[in-house]
Amino acid sequence: MARKPKIQMLPHEFRASTSLAGVYALRMLGMFLVLPVLALHAKELAAHLPAYEQLQMVGLAMAIYGLTQALLQLPLGILSDKIGRKKVIYLGMAVFAGGSFLAAVANSVEMLVLARAIQGAGAVSAAVTALLADLTREEVRTRAMSMIGLSIGLTFSISLVLSPILTRWVGVNGLFAMMGVLSAASLALVAFYTPNPTQSRLHQDAQAQTGRMGEVLRNTQLLRLNFGIFTLQAGLMAIFTALPFALQQLGWEKTTHWQVYLPATVIGLVLMIPAIIVGETRNKLKQVFVLGIALVLLAQFALIFSLHSIWAIGVALIVYFIGFNILEASIPSLVSKIAPSDLKGTAMGVYNTLQSVGVFTGGIIGSKMYALYGFTGVFGFCCVMIGAWLLLAITAPAPKPVKNVIFALPEMWHNRLDELSGSLKQVEGVEAVSFSDDKNNLFIKALQHGFDEEQVKQILTGV
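Residues 332 to 794 in the working numbering are what the sequence shown spells out, letter by letter.
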C-alpha cells in the first residue's frame, strides 16, 4: 500500500511554528538557564542572614518563579481570548524582561526573589499556544505543537551545559541581563515575523476551557499523570537546590559544573529517543514510562551515597537524565492519548499548571529538607515522592495506542451531528468522536494502526 503523502505546512504556518517555538524556548530559559547556578548565587546574596534563613531564601528564589507562573498562566490565556494573542505575548515578555533586568542588578536576596516572581508573572505559554492554533490548520497543528515541545527539550539540555560556561564569562547577573535582552528581541520577532491571525477563537484541542476543568480533574488516569509531572519537576528543583553545594564541597567552582552536566544531558537525550520510538511504535509506552520513573528513582537513591565522588555523581546524573528525558517526552503523549479529544487543551492546561506548582514545591521543600537534614534529606524526600509515583504508574491501566485526528466539519453536517457521529463510529479504527462547540471541527480519537482515514473523508464530503 502506497504511503499517504504528508500534508505540507504553508509558509505562514512554518513562520508561525518556528517563531513561536523560539518564543516558548526563550520563556523556558527563565527557569533553565540559571538553574545550575542560582542556588549558589542566592546563597551569596543571603550571606548576611543566619545559615538556616539563607537556605530558606535560596529555596524561595528557586521556587517563586513557578508559583507566579502557575497562578497567571491560565488567566493570561483567557485574557488573550479577549484582547488578542499578541498583546498578551507582548505584555508577558515585557514583564519577563523587566524581571530579568531587575535580577541582573539585584544586590540582595530579597530583590532577587522579587525579580524571580516578576519573571514568572510573564506567563505567556497559554497565549503562545492559542496563537499557534489560530495560525495553523487542523491537519498540521500537531506537528506545529511538537516543534514547541522539541524546543523546550533542547532548551533544557543546552541550558544546563551553557549556564556554568556563560557564568564564567558574564557572571550570574550577566545571565539575567542576557535573558532580558533576548526577551526584548523576541518582542520584535513576534511583531515583525510571526503572522497575524485573521481571527482568534477558542481551539478546544489546544486551549483550556475553564468551565470543563472538573471533567479533567475527575479523570483518575489524568490525575496520575498530573501527579507525575508535579513530582518530576519538584524532584528536579530539589536536586538543583542542593547538588550545586555538593559539587562545591568537592572543590568544583560553579563555572566548571558544566563538565558534570554535559555527559549526563547528552547521553540522556541520545538514549531517550530510541526508548520513545519503541514505546510509540511497539505499543510499549507504559513499560517505557515505568522504566523512566524507575531510573529517576534509582538515580535519586544513588545520589544519597554518591556525594563523596564526582564520578559517582556523574553516573547517577546520567541515569537520572535518561529517565527524566523519557518522562518529559512521554507524559504529554500519554495525556494526549487519555484525554478526550475535545478536552486535550484543557488537560494540557492542568498539566502545565501542575508542572509549575511542582517547580515551586520542589524549591521550597528541597531547601527546607537541606537545611534540616542535609543532602540525605533532599534526596530522601525525592525518593519518597517518586516511589509513590512509581506505584501509581505500575497500577495504572496501559493506554490504548491511539492518536488524535482533527477535521474541518463541512456545513452540511452542522445540524446532523448525531447522524454523523453514528456513521463515523462504524469506521474501522475509530475509538471516539466529538465536535467543537462552534461545530467547525470534528475530533476523532483513532487507533494508530488500522484507522481508515479515507473513509472518514468520504463520509464528511459525501463523495
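For every residue, glycine included, the Cβ atom is placed at its ideal position computed from N, Cα and C. All of these numbers come straight from a predicted model, not from anything done at the bench.
Within the same chain, and ignoring the five residues on either side of residue 479 in sequence, the residues whose Cβ sits closer than 6 Å to its Cβ are 352 and 355. In this structure the segment 479-490 does not touch the segment 570-583; the number of beta carbon pairs closer than 8 Å is below three. Residue 766 carries a strand assignment under DSSP once its states are collapsed to helix, strand and coil.
In its chain, beyond the 5 residues on either side, 392, 395 and 396 have a beta carbon closer than 6 Å to the beta carbon of residue 447.
Taking the CA atoms as reference points, residue 698 sits about 6 Å from residue 386. In this structure, residue 606 places its C-beta atom within 9 Å of the C-beta atom of residue 653. Nearest C-alpha to residue 530 among 539, 788, 462 and 496: 462. Of the other Cβ atoms in all chains shown, 16 or more fall within 10 Å of the Cβ of residue 682; this residue is therefore buried. Beyond the five residues adjoining it in sequence on each side, residue 733 comes within less than 8 Å, by CB distance, of 668, 762, 776, 777, 778 and 779 in the same chain, given in chain order. Burial check for residue 339: the Cβ neighbour count within 10 Å stays below 16, so the residue is exposed. Beta-bridge pairing by DSSP links residue 737 to 774. For residue 494, same chain residues with a beta-carbon under 6 Å away, outside a window of 5 residues either side, are 364, 367 and 368 in chain order.
In the DSSP assignment, residue 589 falls within the unbroken alpha helix (DSSP H) covering 589-612. No Cβ-Cβ contact shorter than 9 Å links residue 399 with residue 458.
For residue 714, same chain residues with a beta-carbon under 7 Å away, outside a window of 5 residues either side, are 628, 631 and 632 in chain order. DSSP lists 777 as the beta-bridge partner residues of residue 761. If you look at residue 742, you'll find it isn't in any alpha helix (DSSP H); DSSP assigns it neither H nor E. In the structure shown, residue 653 falls within a helical segment according to DSSP collapsed to helix, strand and coil. Contact between residue 693 and residue 566 holds: CB atoms are separated by about 6 Å, below the 8 Å threshold. Between residue 518 and residue 425, the C-beta spacing is below 9 Å. For residue 379, no alpha helix (DSSP H) run applies, since DSSP gives it neither H nor E. Taking the Cα of residue 341 as reference, the smallest distance to any Cα among 613, 750, 475 and 781 is reached at 475. Straight-line measurement puts the Cα of residue 552 at about 11 Å from the Cα of residue 678. Taking each of 740, 689 and 707 in turn and checking the Cα distance to residue 638, the smallest one comes out for 707.
For residue 417, the enclosing alpha helix (DSSP H) begins and ends at 416-436. For residue 461, the enclosing alpha helix (DSSP H) covers residues 456-466. Three or more Cβ pairs closer than 8 Å define a contact, and the segment 435-451 meets that threshold against the segment 502-517. Residue 783 sits in coil when the DSSP states are folded into three classes, being neither helix nor strand.
Assignment of alpha helix (DSSP H) within the segment 532-564, counting only whole runs of 4 or more residues, yields 544-548 in chain order. Burial check for residue 589: the Cβ neighbour count within 10 Å reaches 16 or more, so the residue is buried. Judged by beta-carbon spacing, residue 759 lies within the 9 Å limit of residue 781, meaning their Cβ atoms are closer than that value. A distance of 9 Å or more separates the beta carbons of residue 564 and residue 674.
Residue 702 sits away from residue 571, with the two beta carbons spaced by 9 Å or more. If you compare the alpha carbons of 621, 662 and 584 with that of residue 496, the shortest gap goes to 584. The beta carbon of residue 618 lies closer than 6 Å to none in the same chain, with the five residues before and after it left out.
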